[in-house]
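*Asks:* Dropping the structure in here first, questions after.
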Amino acid sequence: MQFMTWINRFTALGPTFSAQVLPTPLPQPSWVCRNFQLSHSLGLHPDWLENPEGLAVFSGNGLWEGMQAQASVYSGHQFGHWAGQLGDGRALCLGEYEGPQGPVEIQLKGAGKTPFSRMGDGRAVLRSSIREYLCSEAMAGLGIPTTRALCITSSPKPVLREELETASIVTRTAPSFIRFGHFEHFANEPAPSGPAHLRQLADFVIQHYFKDENFSTSNPYAELLAHVTSRTAKLIAQWQSVGFCHGVMNTDNMSILGLTLDYGPFQFLDGFNPQHICNHSDHQGRYAYGRQAQVAYWNLFCLGQALLPLIDDQDLAVKALETYKKVFSENWSQCFLAKLGLQVQEDEAAALEDQTLLNDGLEMLAKEQVDFSIFWRKLSHAAAKTDASSLEWQAVADLFIDQSAWVGWRDRYLSRLQSKPSEAAVKKMISINPKYVLRNHLAEAAIQKSKLGDHSEVETLFKLLQAPFDEQMQFDHYANLPPDWAAQIEISCSS
Ligand code: AMP
Ligand code: MG
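Going letter by letter, the sequence shown gives residues 3 to 497 in my numbering.
Right, here's the structure in full:
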């Protein structure tokens, strides 16, 4: 019962790149949640998420004909240090096919040990699978490039983390899960095989995943680096603009396609604090919210270093990497000015003035750690009114203790808006500043219910976060300030 033509191109690269591994079955599996819309948009068979055969495949209990499960090898820098070989320790790619919008890989996360599991058990727990499922769909809802999540299956099988939890598998999809770390791996393999494999991988990526991009010069590898640099810079600007902290931006978690990849200890900011560290294992704050742009640049240098033997010209590599600064700052400004309902101005002095207004606004938010999402959303509603004493403006004022700082900034903003901004501009602000983000405490509440066998809250959040800019009045309370206990939630690398 399957109509897919599996192409398994990555597997075809040969055993140097991946190991064929069968999933380890999850005992007594059941569905936790299923993403029927994604299944439909990827052109998957509608029965796959409905029938026992589908449940078997997505719980590691079987494969459809033509599928070739494989785990790929990669290496990487973790927390700034070379970590050597890592690889898919618990992820298995079941197969790849040509979908309606291009190549699709289907991957199980938590399907048992692979040759790259090292000390790990090859499993994922229900808690982390729900976080990945909900957050990747939330990112998609926000219009941010990401891997997607197709379903979660779970089992009573116990799995030991800090405490005893239960096993589950999240099935995720992407055109490819190739990471910076794949390139670093082969760059570190000695000659003559290393360089040959590196070239094979780079050619493979260019041919299959960058075919819509312009490769005009005689040095496609420098261009590949430039394209990845640009995609990564745009991605991080988008993360910053919604207050998303990834938590573990190691080079093995950086997608070569510029997708948000590997949802572990991520967090959407509650109060705006640029120093916020969402990962309790990140003692130095290497991956704090305000450091993500620099860290991504550092990671790109690791990729550049890995690609250097192919680029064969240090100046070209540096030139490709240097585009980061411009692309990131342009995109960052564009994203954040749009949050204010403004566009980047041509006139330099006027642009500088807007930038100062924005920076001062962010500084004001940071000073009081004002809730990031609530501020922007309320401001979007206020911007429609010229009268600063209106309820909408009062609602923003209520977020600040230092009223004189607030009023000072508000008046500068209002005078910048001059007259009442157009309905279209206000609509745009509402379509950019989300009402709903996956705050830690929301995910936590859904996880606690699911652990008791009730997956209704996962379903509710899933639907809510697919349309994060819509009012969805019946869910107003999901857009409230987090409860006090949210500050106590500790999210670590353990998943
Ligand atoms: P992460 O911190 O999730 O990005 O994982 C880093 C590396 O550890 C990757 O190679 C993962 O495949 C591997 N890994 C993480 N958790 C497990 C696990 N439970 N079993 C096997 N490998 C794991
Ligand atoms: Mg990872």
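Built from N, CA and C at the ideal position, the CB exists for glycine as well.
If you measure from each residue's Cβ to the nearest non-hydrogen atom of the ligand MG, which ones come out under 6 Å, in chain order?
*Replies:* Taken from the N-terminal end onward, the list reads D254, N255, D264.
*Asks:* Below 8 Å between beta carbons: does that hold for C247 and Q277?
*Replies:* The answer is no: Cβ separation not under 8 Å.
*Asks:* For a quick check, are the C-beta atoms of G249 and S375 less than 8 Å apart?
*Replies:* Cβ distance not < 8 Å, so G249 and S375 don't count as in contact.
*Asks:* List the residues that DSSP assigns as beta-bridge partners of L162.
*Replies:* Paired residue(s): L166.
*Asks:* Using three-state DSSP, classify K380 as helix, strand or coil.
*Replies:* In the structure shown, K380 sits in a helix (DSSP, three-state: H, G or I).
*Asks:* To the nearest whole angstrom, what separates the beta carbons of Y265 and Y299, a pair I think is in contact under 8 Å?
*Replies:* About 22 Å separates the two Cβ atoms, so there is no contact after all.
*Asks:* List the DSSP bridge partners of A126.
*Replies:* DSSP, once it has assigned bridges, lists S170 as partnering A126.
*Asks:* Report, in whole angstroms, the separation of the C-beta atoms of E107 and T175, which I expect to be a contact under 8 Å.
*Replies:* Their Cβ separation, rounded to whole angstroms, is 6 Å, which keeps E107 and T175 in contact under 8 Å.
*Asks:* Tell me, to the nearest whole angstrom, how far the beta carbon of D272 is from that of A488; I am working on the premise that it is less than 8 Å.
*Replies:* Confirmed, Cβ separation roughly 7 Å.
*Asks:* Would you mind reading off the limits of the beta strand (DSSP E) that contains S20?
*Replies:* From DSSP, the beta strand (DSSP E) with S20 extends over 20-22.
*Asks:* Starting from P105, follow the beta strand (DSSP E) in both directions and report where the run begins and ends.
*Replies:* Segment 104-111, the beta strand (DSSP E) holding P105.
*Asks:* How big is the Cα-Cα spacing for L144 and A224?
*Replies:* Cα to Cα, L144 sits roughly 31 Å from A224.
*Asks:* Measure from the alpha carbon of E461 to the alpha carbon of each residue in R36, W395, S494, then state which is nearest.
*Replies:* That would be R36, whose Cα lies nearest to the Cα of E461.
*Asks:* Determine whether the beta carbon atoms of V372 and L401 lie at a separation below 8 Å.
*Replies:* A contact, by the Cβ cut-off of 8 Å.
*Asks:* Assuming L226 and I208 make a contact with CB atoms under 8 Å, what is their CB distance in whole Å?
*Replies:* Indeed, because the Cβ distance is near 6 Å, the residues count as touching under 8 Å.
*Asks:* Take I132 as the anchor and find which of P147, T168, G124 has the nearest alpha-carbon.
*Replies:* If we check each option's Cα against that of I132, T168 comes out closest.
*Asks:* Would you identify the three-state DSSP class for M3, choosing helix, strand or coil?
*Replies:* Because M3 carries a pLDDT of 47, less than 50, the predicted location of this residue cannot be relied on, and no value is offered for it.
*Asks:* Report buried or exposed for W84, applying the criterion of at least 16 other Cβ atoms within 10 angstroms of its Cβ.
*Replies:* Looking at its Cβ environment, which holds fewer than 16 other Cβ atoms inside 10 Å, W84 is exposed.
*Asks:* Distance check for L305 and S498, CA to CA, integer angstroms please.
*Replies:* No statement about residue 498 is possible, as the shown extent of the chain runs from 3 to 497 and does not include it.
*Asks:* What residue does the alpha helix (DSSP H) around C304 start on, and which one ends it?
*Replies:* Note, C304: alpha helix (DSSP H), 294-313.
*Asks:* Closest to M431 by C-alpha separation, out of Q336, Q103, P194, would be which residue?
*Replies:* Answer by Cα proximity: Q336.
*Asks:* Should H479 be labelled buried (16 or more other beta-carbon atoms within 10 Å of its own) or exposed?
*Replies:* Counting Cβ neighbours within 10 Å, H479 comes out exposed, since fewer than 16 surround it.
*Asks:* On a CA-only basis, which of F179, I434, N275 is nearest G363? Give me that one, please.
*Replies:* Answer by Cα proximity: N275.
*Asks:* Please report how far the alpha carbon of R120 lies from the alpha carbon of L200, in whole angstroms.
*Replies:* Roughly 23 Å separates the two Cα atoms.
*Asks:* At the level of alpha carbons, what is the spacing between H210 and S138?
*Replies:* One C-alpha to the other measures close to 23 Å.
*Asks:* Here's the rule: buried if 16 or more other CB atoms are within 10 angstroms of the residue's CB, otherwise exposed. What is S392?
*Replies:* Exposed is the call here.
*Asks:* Does the Cβ-Cβ distance between A140 and V439 come in under 8 Å?
*Replies:* Result yes, Cβ atoms of A140 and V439 sit closer than 8 Å.
*Asks:* Can you find a heavy atom of the ligand AMP that lies under 7 Å from the Cβ of V372?
*Replies:* Not under cutoff, so the answer is no.
*Asks:* Please go through the same chain and pick out, in chain order, the residues whose beta-carbon is closer than 8 Å to the beta-carbon of R181, but skip the five residues on each side of it.
*Replies:* Correct list, in chain order: Y76, G78, T253, D254, N255, M256, S257, I258, L263.
*Asks:* Quick one: what's got a C-beta closer than 7 Å to L360's C-beta in the same chain, skipping five residues either side?
*Replies:* Closer than 7 Å at the Cβ level, and outside the excluded window around L360, lie F338, L339, L342.
*Asks:* Tell me the DSSP bridge mates of A447?
*Replies:* The partner list for A447 (beta bridge, DSSP) is empty, contrary to what the question assumes.
*Asks:* Look up A151 in the DSSP assignment and give the residues it is bridged to.
*Replies:* A151 is bridged to R174.
*Asks:* Tell me whether G249 counts as near the ligand AMP, meaning its Cβ is closer than 7 Å to at least one heavy atom of that ligand.
*Replies:* No; taking the cut-off as 7 Å, the Cβ of G249 has no heavy atom of the ligand AMP nearer than that.
*Asks:* In the DSSP assignment, the beta strand (DSSP E) including S77 goes from what residue to what residue?
*Replies:* Counting along the chain, the beta strand (DSSP E) containing S77 begins and ends at 77-80.
*Asks:* With respect to 7 Å, is the separation between the Cβ of D284 and the closest non-hydrogen atom of the ligand AMP below this value?
*Replies:* No, the Cβ of D284 stays beyond 7 Å of every heavy atom of the ligand AMP.
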